[in-house]
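Asker:
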Amino acid sequence: MTLDRRSFLKLVGAGAGAVGLPLIGQAAELMPKSGKRVVVVGGGYGGTIAAKYVRMMDKSIEVVLIERNDHFVSCPFSNLYLGGLLPDLNTLTIKYDKLAANHGVKVVQAEVTGIDPAAKVVTTSKGTLSYDRLVLSPGIDFRLDEMKGYDDAAMEVMPHAWKAGPQTVLLRKQLEAMKPGGNVVISIPLAPFRCPPGPYERASMVAMYLKQHKPGSKVIVLDANPDIVSKKGLFLKGWKKHYDAIIDYRPAKKVTEVDTGKMAVMIEGLEEVQGAVINVIPPQKAGHIAHAAGLVGADKKWCPVNPTTFESTLHKDIHVIGDSSIAGAMPKSGYSANSEAKVCATNIVALMNGKEVTEMSAINTCYSFLSAKEAVSVTGVYKVNAEKQAIEGVAGSVAVSPDLSEVEAIYAESWLRNILTEMST
Amino acid sequence: MMMKWRGWALATGVLATSALAQAAPPSAAMLSNACAGCHGTNGGSAGPSMPSLASQSKEAIVEAMKKFKSGERPATVMSRLAKGYSDAEITAMAEFFSKQKLHATSQTLDKAKIAKGASLQDSNCGRCHIEDGKEGKDDTPVMASQWLPYLQMQMAEYQSGKRKMPEKMAEKVKPLSGDDLEALLHFYASVK
Chain A
4 MTLDRRSFLK LVGAGAGAVG LPLIGQAAEL MPKSGKRVVV VGGGYGGTIA
54 AKYVRMMDKS IEVVLIERND HFVSCPFSNL YLGGLLPDLN TLTIKYDKLA
104 ANHGVKVVQA EVTGIDPAAK VVTTSKGTLS YDRLVLSPGI DFRLDEMKGY
154 DDAAMEVMPH AWKAGPQTVL LRKQLEAMKP GGNVVISIPL APFRCPPGPY
204 ERASMVAMYL KQHKPGSKVI VLDANPDIVS KKGLFLKGWK KHYDAIIDYR
254 PAKKVTEVDT GKMAVMIEGL EEVQGAVINV IPPQKAGHIA HAAGLVGADK
304 KWCPVNPTTF ESTLHKDIHV IGDSSIAGAM PKSGYSANSE AKVCATNIVA
354 LMNGKEVTEM SAINTCYSFL SAKEAVSVTG VYKVNAEKQA IEGVAGSVAV
404 SPDLSEVEAI YAESWLRNIL TEMST
Chain B
42 MMMKWRGWAL ATGVLATSAL AQAAPPSAAM LSNACAGCHG TNGGSAGPSM
92 PSLASQSKEA IVEAMKKFKS GERPATVMSR LAKGYSDAEI TAMAEFFSKQ
142 KLHATSQTLD KAKIAKGASL QDSNCGRCHI EDGKEGKDDT PVMASQWLPY
192 LQMQMAEYQS GKRKMPEKMA EKVKPLSGDD LEALLHFYAS VK
C-alpha cells in the first residue's frame with residue numbers, strides 16, 4: 004500500500020486516535036446498509052454529480068455523499084473575486100440540501116479518516132459506512148515535502164488559494180491591504196496540477212486589480228514549467244494588450260522554499276525573490292485519502308483508473324474521478340470532473356445491475372478571464388482509444404479560442420450558473 | 042484496423058473477460074450527459090446566454106451541429122466541440138434532447154411586450170415556429186421558454202449577418218421594427 008508518512012500521520016491524527024486504518028471494527032456503524040449502496044466521498048465538481056446521476060439512473064441504489072463541509076466553494080471563477088469582479092464568494096458557493104430533496108442523496112457531513120478496500124468499509128469522523136461501490140472525488144492535496152517551510156502557518160502568511168474559500172478571501176485581503184508599488188509574487192508548480200490555465204488567469208486578474216488600484220505594483224510570476232502550460236498564445240496576447248508593464252513572467256523558476264520572515268521565496272537554492280504579497284501554488288497530488296487507501300500509482304502522486312469505468316486499477320469496487328485520477332488526456336478541470344462523474348455513474352449503475360458497461364464519451368470546456376470583459380476557452384471531446392486503453396481527445400475538438408472574446412465572457416458566466424446548478428439541484 | 046482487430050478478438054473470445062470486449066458504444070445518454078455541464082441536466086439550462094436543449098427539435102439540433110462543424114454558423118466553443126462527434130452521434134444526441142421535457146425558465150419578462158409579441162407572432166412567424174413556438178416546422182428550432190438573453194444574442198447575430206437568416210425568415214423580419222422583434226422574443230420566452 005502506498006501511504007506516505009505525512010498522510011498517514013494526518014489520517015491517524017484526524018480520527019482523534021479512535022479510528023486508525025486497521026481499527027475499523029472499533030467505530031460504530033453510522034448507517035446500516037440493507038440494499039445496494041454507493042458511497043461518494045467529496046462534494047465538489049465530481050462527487051456531487053456522481054451521487055446525483057447514480058440516483059437519476061437507478062433509484063434502487065442508496066447513495067451516501069460524504070463531505071467534510073456543509074457547503075462547497077468553486078475554484079473556477081474564484082480568480083474573478085481576486086480581481087475585484089465579484090464582491091464575495093456567494094455566487095460560487097453551493098449547498099447540498101436540494102441534492103437530498105430532489106434525488107434522495109443522503110448527505111453526511113463528516114471527515115473520511117480511512118478506507119478498508121477488502122472489507123468495503125469507509126470510516127468517518129461520525130462512524131463507519133459499508134459500500135458496494137465507492138466513488139472518491141477528493142480533489143487535490145499538496146506535496147509540501149517539495150516546498151521547504153511551507154506549512155500550515157506559512158499558508159496563513161503566503162496563501163495558496165488553490166482550494167477556494169478562506170484562503171481565497173485571505174489573498175484578496177492581502178492584495179487590498181498592500182501598499183501601492185508593492186510586488187505580488189505568484190509561484191506555479193510543475194504540471195500536472197489542478198486547472199492548467201488557472202495560474203495564468205490568476206496572474207491576469209491580479210494584474211487587472213493592481214492596474215486599477217495599486218499604481219506602480221507588479222505581478223512576478225515564477226513558473227516551474229519551461230513555458231506557459233495552457234492557452235499560451237492567448238495569455239501572452241492578453242498580457243501584452245492589458246498588462247504589459249505589470250506582469251513579469253519568468254519561466255523555469257521552480258520555487259522550492261519559502262521564508263515568511265523575509266517574505267521571500269527561494270528558487271532551487273539559487274535565487275531569492277521577495278514580494279509584498281506572495282501566492283504560493285504548491286506542487287500537487289491526489290487527495291490524501293486516496294494515498295491513505297492505497298489508490299495512488301507508481302508516480303506516488305495520482306490514481307490510475309480504468310478509462311471506461313474509472314475503477315481503480317489497484318483496488319476493486321473503488322472508483323476515482325476528478326483531479327485525483329489519471330484520466331489520460333483530460334485536464335484536471337472542474338468540467339472534466341463533472342463529465343468523468345457521469346461516465347463513472349453510468350457504468351457503476353450498469354455493473355451493479357449486471358449489465359454491459361458503455362464506452363466513455365466526455366467533454367471538457369474551460370474558460371479563463373483575461374480582463375473584466377474578455378475570456379478565452381479550451382474545449383475537447385474525449386473518448387477511449389481501445390488499442391491503447393487510454394483516454395484521448397478527438398481530433399479537431401481539442402482547441403482554444405482564436406482570440407480574446409467578449410462573447411466568451413458572457414458564455415462563461417452561464418457556464419458557471421449551469422454547472423453549479425447541475426451540482427446542487 | 043482497430044475495429045478489425047477488435048472484431049477478431051470478440052469472435053475468438055480473446056477479450057471475453059476484459060472491459061474492452063464488454064463495453065457497448067457510447068449510448069445517447071452517455072454522449073448527451075456530457076453536454077449538461079453547460080446546457081443543464083437533461084438540457085434544461087440555468088444560464089441566460091446558454092440555450093436549453095430539452096424538448097428542442099431533433100432536426101434543429103442536427104442542423105445546428107452540422108453548421109457548427111462546417112463553420113457556417115458562427116460559434117465560440119461549439120464550432121470546436123461539434124468536430125468531436127460523428128453524424129450518427131449527433132443524431133443520437135439530438136434525439137435524446139428532443140425527448141426531454143420542456144424546461145420552463147423563470148425569467149423576468151415585460152408583460153406589454155409579451156402581449157404585443159403574441160399579436161405579431163402568428164402572422165409573421167407562425168408558419169414555421171408553430172404552436173406558439175413549442176414546435177418547429179422541419180428544422181425550425183423550438184423557441185418556447187428559451188432564455189431571452191440567448192434569443193436576443195441570436196437575433197443580433199442574424200441582423201449583423203454573422204448568422205445567415207433563412208430566406209423565408211428574412212422576408213418576414215425585414216419589415217418588422219426593432220421593437221416588434223424585441224416583443225416577439227419576449228413572447229416566445231414566455232411560452233411554457
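The listed protein sequences correspond, in order, to chains A and B. Going letter by letter, the first sequence gives residues 4 to 428 in this note's numbering. Going letter by letter, the second sequence gives residues 42 to 233 in this note's numbering. From the three backbone atoms N, C-alpha and C, an ideal C-beta is built for every residue, glycine too. Quick caveat, the model's predicted, so the values are computed rather than measured.
Is there at least one Cβ from chain B nearer than 8 angstroms to Tyr-414(A)'s Cβ?
Answerer: Closer than 8 angstroms: yes.
Asker: Tell me whether His-216(A) is buried or exposed, calling it buried when 16 or more other Cβ atoms sit within 10 Å of its Cβ.
Answerer: The residue in question, His-216(A), is exposed, as its Cβ has fewer than 16 Cβ neighbours within 10 Å.
Asker: Pull up the distance between the alpha-carbon of Ile-118(A) and that of Pro-286(A), whole angstroms please.
Answerer: Looking at the two C-alpha atoms, the distance is approximately 25 angstroms.
Asker: By alpha-carbon positions, which one of Phe-196(A), Met-426(A), Val-258(A) ends up nearest to Lys-166(A)?
Answerer: Closest by alpha carbon: Phe-196(A).
Asker: Among Glu-204(A), Ile-189(A), Val-403(A), whose alpha-carbon lies nearest the alpha-carbon of Val-261(A)?
Answerer: Checking every option, the nearest Cα to that of Val-261(A) belongs to Ile-189(A).
Asker: Considering only the beta carbon of each residue, do Ser-327(A) and Ala-365(A) sit closer than 8 angstroms?
Answerer: No; because the gap between Cβ atoms is not below 8 angstroms, this pair is not in contact.
Asker: In chain B, which residues lie with their C-beta within 9 angstroms of the C-beta of Ser-417(A)?
Answerer: The answer, in chain order, is Cys-79, Ser-86, Ala-87, Gly-88, Pro-89, Ser-90, Met-91, Trp-188, Pro-190, Tyr-191.
Asker: Please go through the same chain and pick out, in chain order, the residues whose beta-carbon is closer than 8 angstroms to the beta-carbon of Ile-27(A), but skip the five residues on each side of it.
Answerer: Model confidence at Ile-27(A) stands at a pLDDT of 46, short of 50, so the residue's coordinates are unreliable and nothing is read from them.
Asker: Give a yes or no on whether 8 angstroms exceeds the smallest Cβ distance from Ala-230(B) to chain A.
Answerer: Closer than 8 angstroms: no.
Asker: Locate the beta strand (DSSP E) running through Val-261(A), then write down its first and last residues.
Answerer: Note, Val-261(A): beta strand (DSSP E), 258-262.
Asker: Answer yes or no: do Ser-207(A) and Tyr-153(A) have a C-beta to C-beta separation smaller than 8 angstroms?
Answerer: Not a contact, by the Cβ cut-off of 8 angstroms.
Asker: On the three-state DSSP scale, how would you describe His-294(A)?
Answerer: His-294(A) falls in the helix class under three-state DSSP.
Asker: Roughly how many angstroms lie between the CA atoms of Leu-419(A) and Ser-93(B), to the nearest whole one?
Answerer: Distance between the alpha carbons of Leu-419(A) and Ser-93(B) is about 15 angstroms.
Asker: From which residue to which residue does the beta strand (DSSP E) around His-106(A) run?
Answerer: That residue, His-106(A), is in no beta strand (DSSP E); its alpha helix (DSSP H) goes 100-106.
Asker: Just curious, the beta strand (DSSP E) that Thr-116(A) is in, first and last residue?
Answerer: Run containing Thr-116(A): 115-119, per the beta strand (DSSP E) assignment.
Asker: Taking DSSP as the reference, what is the three-state secondary structure of Asn-421(A)?
Answerer: Residue state, collapsed to three classes: helix.
Asker: Between which residues of its own chain and Phe-80(A) is the CB-CB distance below 6 angstroms, once the five residues before and five after are set aside?
Answerer: Once the five neighbours on either side are set aside, the close Cβ partners of Phe-80(A) are Leu-95, Leu-419.
Asker: May I have a chain-ordered list of the beta strand (DSSP E) segments no shorter than 3 residues that lie completely inside the stretch 39-76 of chain A?
Answerer: Here the runs fully enclosed are 40-44, 65-70.
Asker: Mind pulling the chain A residues with CB within less than 7 angstroms of Lys-124(B)?
Answerer: Here the neighbours are Gly-399, Ser-400.
Asker: Counting only C-beta atoms, is Met-71(B) closer than 8 angstroms to chain A at any point?
Answerer: Yes, its Cβ sits closer than 8 angstroms to a Cβ of chain A.
Asker: For Val-1(A), which residues does DSSP report across the bridge?
Answerer: As shown, chain A starts at 4 and ends at 428. That puts residue 1(A) outside it, with no answer to give.
Asker: Below 8 angstroms, how does it come out for the stretch 323-343 of chain A and the stretch 60-79 of chain B: are there three or more Cβ pairs, yes or no?
Answerer: Result yes; three or more Cβ-Cβ pairs closer than 8 angstroms.
Asker: Please report the distance separating the alpha-carbon of Lys-39(A) from that of Met-355(A).
Answerer: Computed Cα separation, rounded: 8 angstroms.
Asker: Does the separation of the CB atoms of Val-187(A) and Ala-227(A) fall below 8 angstroms?
Answerer: Their beta carbons are not under 8 angstroms apart, which means Val-187(A) does not touch Ala-227(A) by this criterion.
Asker: Using Cβ-Cβ distances below 8 angstroms, what residues of the stretch 342-362 of chain A are close to chain B?
Answerer: For the stretch 342-362 of chain A, which is checked against every Cβ of chain B, the residues closer than 8 angstroms are Ser-342, Lys-345, Val-346, Thr-349, Glu-359, Val-360, Thr-361, Glu-362.
Asker: When you compare the CB of Arg-121(B) with every CB in chain A, is at least one pair closer than 8 angstroms?
Answerer: Cβ-Cβ to chain A under 8 angstroms: yes for Arg-121(B).
Asker: With 8 angstroms as the limit, tell me which residues of the stretch 330-342 of chain A have their beta carbon closer than that to any beta carbon of chain B; keep them in chain order.
Answerer: The stretch 330-342 of chain A vs chain B, Cβ under 8 angstroms: Tyr-338, Asn-341, Ser-342.
Asker: Answer yes if the stretch 226-245 of chain A comes into contact with the stretch 359-373 of chain A, meaning at least three C-beta pairs across the two stretches below 8 angstroms, and no otherwise.
Answerer: In short, these stretches touch, since the Cβ pair count reaches three.
Asker: Could you tell me whether any Cβ in chain A is nearer than 8 angstroms to the Cβ of Ala-65(B)?
Answerer: Ala-65(B) counts as touching chain A.
Asker: Check Phe-145(A) in the structure and name its three-state DSSP category.
Answerer: Phe-145(A): strand per DSSP, three-state reduction.
Asker: Check Lys-234(A) in the structure and name its three-state DSSP category.
Answerer: DSSP places Lys-234(A) in coil when its eight states are reduced to three.
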